[in-house]
Amino acid sequence: MTRFIIIRLLQAVVAIIGIAVMVFFLVRAAGDPLELLKNPNMTEGQYEAMKVRLGLDKSYGEQFIVYMGDLAQGDLGTSLLKQRPVIDMIKESLPNTLKLTLPAFAIGMTLALALGVLAATRRDTFWDQGVKFMAILGQALPGFWVAIMAVLVFAVYWQILPVAGMATPAHYVLPVGTMVFFTLPGMMRLVRSSMLDVLESEYVKLARIKGLPEKTVIWKHALRNALITPLTTLGLIIPGLVLGAVITETIFNWPGMGRMIVEATFARDFTVVQAITILTAVMVLGINLLVDISYAYVDPQIRYEKS
Amino acid sequence: MLSIMPNIEDKTRPRISGLSRGARILRGLSLVIPATVLALMFLTAIFADLAWIGLPDVGLSPYHPNDQVLKERRLPPAFIEGGSTEHLLGTDNLGRDVLSRVIHGARVSLSVSLLVIFITATIGTILGITAGYLGGRIEGFIMRVVDVALSFPGLILALLLATIIGPGYMTVVIALSALGWAGYARLTRGESLRIRQSDFVAQARVNGASTSRIMLRHIFPNVLNSLIVIMTLAVGMMILAESMLSYLGIGISAPTASWGSMVADGRNDLDRAWWISTFPGIAIGAVVMSGNFLGDWIRDKMDPRLRQL
Chain A
2 MTRFIIIRLL QAVVAIIGIA VMVFFLVRAA GDPLELLKNP NMTEGQYEAM
52 KVRLGLDKSY GEQFIVYMGD LAQGDLGTSL LKQRPVIDMI KESLPNTLKL
102 TLPAFAIGMT LALALGVLAA TRRDTFWDQG VKFMAILGQA LPGFWVAIMA
152 VLVFAVYWQI LPVAGMATPA HYVLPVGTMV FFTLPGMMRL VRSSMLDVLE
202 SEYVKLARIK GLPEKTVIWK HALRNALITP LTTLGLIIPG LVLGAVITET
252 IFNWPGMGRM IVEATFARDF TVVQAITILT AVMVLGINLL VDISYAYVDP
302 QIRYEKS
Chain B
8 MLSIMPNIED KTRPRISGLS RGARILRGLS LVIPATVLAL MFLTAIFADL
58 AWIGLPDVGL SPYHPNDQVL KERRLPPAFI EGGSTEHLLG TDNLGRDVLS
108 RVIHGARVSL SVSLLVIFIT ATIGTILGIT AGYLGGRIEG FIMRVVDVAL
158 SFPGLILALL LATIIGPGYM TVVIALSALG WAGYARLTRG ESLRIRQSDF
208 VAQARVNGAS TSRIMLRHIF PNVLNSLIVI MTLAVGMMIL AESMLSYLGI
258 GISAPTASWG SMVADGRNDL DRAWWISTFP GIAIGAVVMS GNFLGDWIRD
308 KMDPRLRQL
């Protein structure tokens, strides 16, 4: 087990270093950031001073060593545009993103469980068809469009919900709703199919034969086992959450990480985009690692073997 | 891939035998309607105008998609008060005909998704078959990269690329291809692992066939079925992804009509011209859903095992 964890941990570190190296060269290949910052009124001396201050007077090799060294110490660099440490900007925006993501994740999971179980236990009935139809619709409609339609109906036409700002709970309804839309359909289908599998298993039949009430069978025996599959795909939900955060924050002008990276993209603020890319990679790999490890604890068949 | 969620499928087979007559008709419709929608979209994309044979003014599109008539801004669609049959779906904030732009948008969506699917399927299949057939360290390395690519948020990569090479058609294609190949690699590797064990591969090896010949002539034809299924299912996903990148402004840039950027164009006019954002979104939804239905149907016919993916 320890061996498994150590090897997976090393693999994750190698992957992160790989991504950091890739980002470094991609950004350098794009052109000189000095071109963007140059100001026609600058004297030669000021230009040189700026170059030294940003560390761009050194060769690529030296720059690379400084960059990797800073990264290893958790220094994500300074925003070219705002002239402040990226880490400070993230400290301001990350909580705002979490205020959307966490409630959306909790609501999405709860709904997915409730509706998935509902559909699986009433297979091929009206309820099942309804849930399946919702999932199909949810996976086909673009999230940004659904959010805009929600704004049209609730904020423009009926005027019962606010669109911008984050002052009252009502301000959270549309953004969180949009975020839920991004993860719910997939989760719902997954819970349904995994529940259907479990309901046909021997131990559920045994529980029924024992005469346990149907409620206990479904919610205690079946659901617990049906949850293992969705748990392992938790890593695959992260791209969905990132996507949801970026889209939701741009539509509702929410001051979080998603809007920050979109703004940095258009301002060509390389250091910010680079920092968020690396941070996201660390997060994704970290969560995948946790999922792998927890799964290895749950299921003794999974062990690291040298292939 | 820039999918919103991986295409998670129900493992259980539908109970076809006991279907009632009504249900059987519904099943039939679930093939006919999507196929019709996709065929219409295909024809629309081709015949939007005939510029490709030198007739830019002839075609399905009533106006040129980029023609601005500033006097006719935000005209409502024909079926509501104030609208006219001159502009069936109304006009946008620059006085461009919404219907013409929706028609031309089909071109972008279709060409991006087909191009990306072709690139990703080619790269993914080559790497997947190589990994599955050769095994060992090469397989270990390829599959680690696949793992990273599968869990990396494609949107972040697209944003990074957009800062580096700027928004545009090629940015979308590169961004969607850069991670999209991984799904194909994982699929074809799994299949190759299975096919590698079969007698005809052993026989080919005994007869002295080279490694590349075995991979091309013996393994590839046998993964083709699954490959076609996954490629069909990818059409909807790619159209959705393209529209999202264009919506964010890192995809197809103005003035070219793309469904995603049209939705973005109407964002600030929701209170006075709801139709600008609404119609392109309906087009996306209809086409993506048709693609998914058709993909499901092809999968059930060609390779029901793939339900487990």
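If you read the protein sequences in the order shown, they are chains A and B. Note that the first sequence covers residues 2 to 308 in this note's numbering. Note that the second sequence covers residues 8 to 316 in this note's numbering. Backbone N, C-alpha and C define an ideal beta-carbon position, used for all residues, glycine too.
Rounded Cβ spacing between I136 (chain B) and F227 (chain B) (contact assumed at less than 8 Å): The sequence position of residue 136 (chain B) within the second sequence is 129, counting from 1. The sequence position of residue 227 (chain B) within the second sequence is 220, counting from 1. Right, the Cβ-Cβ distance comes to about 6 Å (below 8 Å), so this counts as a contact.
Terminal residues of the alpha helix (DSSP H) in which Y254 (chain B) lies: Here residue 254 (chain B) refers to the residue found at position 247 of the second sequence. From DSSP, the alpha helix (DSSP H) with Y254 (chain B) extends over 227-255.
Taking A182 (chain B) as the reference, give the member of B:I259, B:G97, B:A42 with the closest Cα. Start at 1 with the first residue of the second sequence, and residue 182 (chain B) comes out as number 175. For the residues B:I259, B:G97, B:A42, the minimum Cα distance to A182 (chain B) belongs to B:I259.
In three-state DSSP terms, what is T98 (chain B)? As a first step, residue 98 (chain B) must be located in the second sequence, where it is residue number 91. In this structure, T98 (chain B) counts as strand in the three-state DSSP scheme.
Taking the alpha helix (DSSP H) that N275 (chain B) belongs to, which residues open and close that run? Position 268 of the second sequence holds residue 275 (chain B). Unbroken run through N275 (chain B): none, as it is neither H nor E.
I want to verify the contact list: residues of chain B whose CB lies under 8 Å from the CB of V239 (chain A), in sequence order. As a position in the first sequence, residue 239 (chain A) is number 238, starting the count at 1. Sequence check: residue 239 (chain A) is Ile here, not Val. In chain order: S158, P160.
Looking at the strands, I want to know which residues DSSP matches up with T79 (chain A). As a first step, residue 79 (chain A) is located in the first sequence; it is residue number 78 there, counting from the start. Beta-bridge pairing links T79 (chain A) to A:P86.
Can N100 (chain B) and P262 (chain B) be called in contact, C-beta distance under 7 Å? Here residue 100 (chain B) corresponds to residue number 93 of the second sequence, with the count starting at 1. Here residue 262 (chain B) corresponds to residue number 255 of the second sequence, with the count starting at 1. In this structure, the beta-carbon distance from N100 (chain B) to P262 (chain B) does not fall below 7 Å.
Helix or strand or just coil, what does DSSP make of L99 (chain A)? As a working note, residue 99 (chain A) is residue 98 in the first sequence. Note: L99 (chain A) maps to helix in three-state DSSP.
Are the C-beta of Y191 (chain B) and some C-beta of chain A separated by less than 7 Å? Here residue 191 (chain B) refers to the residue found at position 184 when the second sequence is read from its first residue. For Y191 (chain B), the answer is no, since every Cβ of chain A falls outside 7 Å of its Cβ.
Inter-residue spacing [alpha-carbon to alpha-carbon] between F125 (chain B) and G190 (chain B): In the second sequence, counting from the first residue as 1, residue 125 (chain B) sits at position 118. In the second sequence, counting from the first residue as 1, residue 190 (chain B) sits at position 183. Approximately 13 Å, taken between the alpha carbons.
Enumerate in chain order the residues of its own chain whose CB-to-CB distance from T132 (chain B) is below 8 Å, with the five nearest sequence positions on each side excluded. Residue mapping note: residue 132 (chain B) aligns to position 125 of the second sequence, counting from 1. The residues are Y191, A192, T195, F227, V230, L234.
Using the beta-carbon of each residue, which ones in chain B are nearer than 9 Å to N97 (chain A)? As a working mapping, residue 97 (chain A) is identified with position 96 in the first sequence. Near N97 (chain A) there are no residues of chain B at all, since even the closest Cβ is about 18 Å away, more than 9 Å.
The stretch 10-39 of chain A: which residues have C-beta closer than 9 Å to a C-beta of chain B, in chain order? Q12, V15, A16, G19, I20, V24, L27, V28, A30, A31, G32
Within 7 Å, strictly: CB atoms of A353 (chain B) and I221 (chain B): Residue coverage of chain B in this structure runs from 8 to 316, which leaves residue 353 (chain B) outside it and unanswerable.
Using a Cβ-Cβ distance cut-off of 7 Å, determine whether T278 (chain A) contacts chain B. As a first step, residue 278 (chain A) is located in the first sequence; it is residue number 277 there, counting from the start. Answer yes: the Cβ-Cβ gap between T278 (chain A) and chain B drops below 7 Å somewhere.
When you compare the CB positions of V164 (chain A) and V152 (chain A), do they come within less than 7 Å of one another, or not? Position 163 of the first sequence, counting from 1, holds the residue named residue 164 (chain A). Position 151 of the first sequence, counting from 1, holds the residue named residue 152 (chain A). Cβ distance < 7 Å, so V164 (chain A) and V152 (chain A) count as in contact.
For G257 (chain A), which option in A:A268, A:S94, A:P186, A:Q74 has the closest C-alpha, if you only look at C-alpha atoms? Stepping through the first sequence from its first residue, residue 257 (chain A) is reached at position 256. Nearest C-alpha to G257 (chain A): A:S94.
If we cut at 7 Å on Cβ distances, does F145 (chain A) have a partner in chain E? The structure shown has no chain E; the protein chains it does contain are A and B.
If you measure from the beta carbon of S80 (chain A) to each beta carbon in chain B, is any gap under 7 Å? As a first step, residue 80 (chain A) is located in the first sequence; it is residue number 79 there, counting from the start. So, not an interface residue.
According to DSSP, L57 (chain B) sits in a beta bridge with which residue or residues? For the purposes of this step, residue 57 (chain B) is taken as residue 50 along the second sequence, with counting starting at 1. According to DSSP, which records beta bridges pairwise, L57 (chain B) is partnered with B:L62.
Once the 5 residues before and after I6 (chain A) are set aside, which same chain residues still bring their CB inside 7 Å of it? Taking the first sequence and counting its residues from 1, one reaches residue 6 (chain A) at position 5. Once the five neighbours on either side are set aside, the close Cβ partners of I6 (chain A) are I294.
For the stretch 75-149 of chain B, list the beta strand (DSSP E) runs that are entirely contained and at least 3 residues long, ordered along the chain. Uninterrupted beta strand (DSSP E) stretches at least 3 residues long and entirely within the stretch 75-149 of chain B do not occur.
Do V243 (chain A) and the ligand GTP come close, with the Cβ less than 6 Å from some heavy atom? Within the structure as shown, the ligand GTP is missing, as the structure has no ligands at all.
Just to check my reading of the structure: P83 (chain B) and G97 (chain B) have Cβ atoms closer than 8 Å, yes? What is that Cβ distance to the nearest angstrom? Counting from 1 along the second sequence, the entry for residue 83 (chain B) is found at position 76. Counting from 1 along the second sequence, the entry for residue 97 (chain B) is found at position 90. Their Cβ separation, rounded to whole angstroms, is 5 Å, which keeps P83 (chain B) and G97 (chain B) in contact under 8 Å.
Answer with yes or no whether the minimum CB distance from F170 (chain B) to chain A is below 7 Å. One-based indexing of the second sequence puts residue 170 (chain B) at position 163. Checking the sequence shown, residue 170 (chain B) turns out to be Thr, not Phe. Interface residue, yes.
Looking only at its chain, what residues have a beta carbon closer than 8 Å to the beta carbon of L290 (chain A), apart from the 5 residues adjacent to it on each side? Position 289 of the first sequence holds residue 290 (chain A). These residues qualify, in order along the chain: R9, L10, A13.
Span of the alpha helix (DSSP H) holding N226 (chain A)? Position 225 of the first sequence holds residue 226 (chain A). Run containing N226 (chain A): 224-227, per the alpha helix (DSSP H) assignment.
For a contact defined as C-beta to C-beta under 8 Å, what are the partners of M331 (chain B) on chain A? Given a span of 8 to 316 for chain B in the structure shown, any question on residue 331 (chain B) remains unanswerable.
Extent of the continuous alpha helix (DSSP H) run through E63 (chain A): Along the first sequence, one-based indexing puts residue 63 (chain A) at 62. 61-73 is the extent of the alpha helix (DSSP H) around E63 (chain A).
Quick one: measure Cβ to Cβ for I87 (chain B) and V28 (chain A), integer angstroms, because I've assumed they're closer than 8 Å. In the second sequence, counting from the first residue as 1, residue 87 (chain B) sits at position 80. In the first sequence, counting from the first residue as 1, residue 28 (chain A) sits at position 27. Contact doesn't hold; Cβ gap of about 49 Å is too wide.
When you check each C-beta in the stretch 257-283 of chain B against every C-beta of chain A, which residues fall closer than 7 Å? I257, V270, R274, L277, D278, W281
Where does V263 (chain A) fall in DSSP's three states? In the first sequence, the residue the question calls residue 263 (chain A) occupies position 262. Of the three classes helix, strand and coil, the one that applies to V263 (chain A) here is helix, per DSSP.
Residue-chain proximity (V181 (chain A), chain B), Cβ-Cβ < 7 Å: Looking up residue 181 (chain A) in the first sequence gives position 180. No, V181 (chain A) lies away from the interface with chain B (no Cβ there is under 7 Å from its Cβ).
With 16 other Cβ atoms within 10 Å as the buried cut-off, status of G267 (chain B): Taking the first residue of the second sequence as 1, we reach residue 267 (chain B) at position 260. Looking at its Cβ environment, which holds 16 or more other Cβ atoms inside 10 Å, G267 (chain B) is buried.
Please list, in chain order, the chain B residues whose beta carbon lies closer than 7 Å to that of R123 (chain A). Here residue 123 (chain A) refers to the residue found at position 122 when the first sequence is read from its first residue. Neighbours of R123 (chain A) on chain B: none; closest Cβ ~14 Å, over 7 Å.
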